[in-house]
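Before any comments, here is the structure.
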Amino acid sequence: MYPIKTVYRLARWLPAMAIALAAFPSMAADAYPTRPLRFVVPYAAGGAVDVAARMIGRYVSEQLGQQVVVENKPGAGGIIAIKHVLGFPADGYTFLVCAAGEIVINPVINKEVDYDTSRDLTPVSMVTTAPNVLVVKRDFPANSVSELIAYARKHPGELTFSSSGVGTIQHVTGEVFNKMAGIEARHVPYSGAPQATMEVATGRVTMTYASPGSIRGFVDRGELKMLGMALPERYPPLPQVPTIREAPEVSSFNVESWFGMFAASGTPEPVIQKVNALVQQAMRQPDIAKKLLDTAGVPMQTTPAQAKEFVGREVAKYKTLLKEADIRLH
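Quick look at the structure:
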């Protein structure tokens, strides 16, 4: 037993200790960061996710007074990038910036995935809803989604579509489109969106699903033409481009992408809140918001809790969608 005086002294000090301990997370967040941050992107440089990560990274760096290094780790449907992120301590210095494919698609269709994104990663912030537009070479003999479907049905096995990798949202978009339209278009994966788009412009691949920003130069030069947007409604910056689902053959088409930021589970909550606030501030800057709208989609304002809820709904949605479309790696 402790002496009465000792117990009395402890009783006097316990409230102060409790207050100090309660304040510790806040103090830790105030001191954070003390070294450079790392944003890991599962694609080659130059794509929409990479551009968004670098814009936001610059703003975060300016606000924190620490360098933000963007690391490109393409390949294997995001496995390489995610394992890279999970290989670091969950201390708030390494973040994953990716699209829907790496979080809600590849883990479902790829048996080589040995992690659980719902368990091993925690959403920090959504970044944008990211439309993909169906594009073909300018001289392709179809000027609408319906005409493309009609051509594909008359020429079975002739069409191909490229993507930024197996298990990516572009891959799934193409496979779901094939299934709903009743056509055959062979998937040709590349390590990033720029190469996937270039292959269409040169005529080596029939079509691809790409972000509006990444194909703008090709469209302006008359090398590619846009047939349909993978969104429920028309995209405000490009109101002249119909949605894919406006074609009666695929009126139930419901595949759209998004970009988000994630950290390894176990990352301190105050740090997640702090980084979320900075990401949201970045997207409210007029120049960044405009650039995001032009290249990566419509900025999404979310708290970490809202991001977690959104991703949870997307996981459930894509599990059903992938099962119905019978999409597997091949």
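Residue numbers (mature numbering (1 follows the signal peptide of the UniProt record, and there is no 0)): -28 to -1, 1 to 302. Glycine included, C-beta positions come from ideal geometry on N, C-alpha and C.
Quick one: measure Cβ to Cβ for residue i and residue j, integer angstroms, because I've assumed they're closer than 8 Å.
{"i": "M170", "j": "F133", "result": "Contact doesn't hold; Cβ gap of about 14 Å is too wide."}
{"i": "P220", "j": "G64", "result": "The pair is not a contact, with the Cβ atoms about 49 Å apart (cut-off 8 Å)."}
{"i": "V99", "j": "M233", "result": "6 Å"}
{"i": "V96", "j": "F67", "result": "6 Å"}
{"i": "V108", "j": "V172", "result": "7 Å"}
{"i": "V222", "j": "V117", "result": "7 Å"}
{"i": "V105", "j": "I187", "result": "7 Å"}
{"i": "T140", "j": "A71", "result": "7 Å"}
{"i": "P128", "j": "E156", "result": "5 Å"}
{"i": "Q273", "j": "Q252", "result": "6 Å"}
{"i": "G50", "j": "G73", "result": "7 Å"}
What residues match up with residue i in a beta bridge as DSSP calls it?
{"i": "H159", "result": "F133"}
{"i": "N44", "result": "V13"}
{"i": "residue 358", "result": "Residue 358 lies beyond the stretch modelled for the chain, which goes from -28 to 302, so this question has no answer here."}
{"i": "F149", "result": "DSSP output for F149 lists no bridge partner at all."}
{"i": "Y181", "result": "L106"}
{"i": "A236", "result": "L93"}
{"i": "T100", "result": "F231 and P271"}
Which same chain residues, not among the five before or five after residue i, have their C-beta less than 7 Å away from its C-beta?
{"i": "S237", "result": "A62, R91, D92, L93 and T94"}
{"i": "L(-8)", "result": "Caution applies to L(-8), whose pLDDT of 45 falls short of 50 and renders its modelled position unreliable; the model cannot decide the point."}
{"i": "S163", "result": "A16, P46, G47 and G137"}
{"i": "P161", "result": "S135, G137, V138 and H143"}
{"i": "Y290", "result": "V76, I77 and V80"}
Measuring alpha carbon to alpha carbon, tell me which of the options ends up nearest residue i.
{"i": "V76", "options": "G269, M198 and G284", "result": "G284"}
{"i": "P204", "options": "G185, P220, S118 and F225", "result": "F225"}
{"i": "M27", "options": "A3, T267, K295 and D298", "result": "T267"}
{"i": "I52", "options": "Q252, A16, P242 and E34", "result": "A16"}
{"i": "F165", "options": "A157, Q142 and N150", "result": "The amino acid at residue 165 is misidentified as Phe; the sequence shows Ala. Answer by Cα proximity: Q142."}
{"i": "A235", "options": "Y4, D2, A3 and R10", "result": "R10"}
{"i": "V21", "options": "L36, T101 and A3", "result": "T101"}
{"i": "E195", "options": "V40, D111 and K126", "result": "D111"}
{"i": "P14", "options": "I244, L199, N78 and A249", "result": "N78"}
{"i": "F231", "options": "A153, F60, T292 and A25", "result": "A25"}
{"i": "P103", "options": "K291, R206, V12 and D259", "result": "R206"}
{"i": "L199", "options": "F190, A261, G189 and T215", "result": "T215"}
{"i": "K55", "options": "Q245, L36 and V12", "result": "V12"}
{"i": "V69", "options": "I121, N44 and V270", "result": "N44"}
{"i": "P271", "options": "F282, M255 and D259", "result": "M255"}
{"i": "S229", "options": "K83, Q35, Y181 and R125", "result": "Y181"}
{"i": "K126", "options": "F149, G154 and N115", "result": "G154"}
{"i": "A260", "options": "V32, K83, Y87 and R193", "result": "A quick correction: the sequence has Ile, not Ala, at residue 260. Closest option to I260, Cα to Cα, is V32."}
{"i": "M152", "options": "A3, Y4 and A297", "result": "A297"}
{"i": "F149", "options": "A124, K246 and P113", "result": "A124"}
Less than 8 Å between C-beta atoms, sequence neighbours within five positions excluded: which residues of the same chain meet that for residue i?
{"i": "P209", "result": "P184, L265 and D266"}
{"i": "A249", "result": "none"}
{"i": "V23", "result": "G185, K263, T267 and A268"}
{"i": "L59", "result": "The residue asked about is misnamed: residue 59 is Gly in this sequence, not Leu. The answer is none, since no qualifying residue turns up."}
{"i": "L294", "result": "I77, V80, I81 and V144"}
Keeping to the same chain, check which residues put their C-beta closer than 6 Å to that of residue i; ignore five residues upstream and five downstream.
{"i": "R217", "result": "S223 and F225"}
{"i": "E89", "result": "As written in the sequence, residue 89 is Thr, which differs from the Glu given in the question. Result list for T89: I75 and P79, in chain order."}
{"i": "V177", "result": "T132, S134, V160 and E171"}
{"i": "Q35", "result": "L250"}
Ignoring anything shorter than 3 residues or poking outside the stretch 26 to 86, list the beta strand (DSSP E) runs there in chain order. 40 to 44 and 66 to 71
Any chance you could list the beta strand (DSSP E) runs of at least 3 consecutive residues sitting entirely within the stretch 186 to 231, in chain order? 196 to 201
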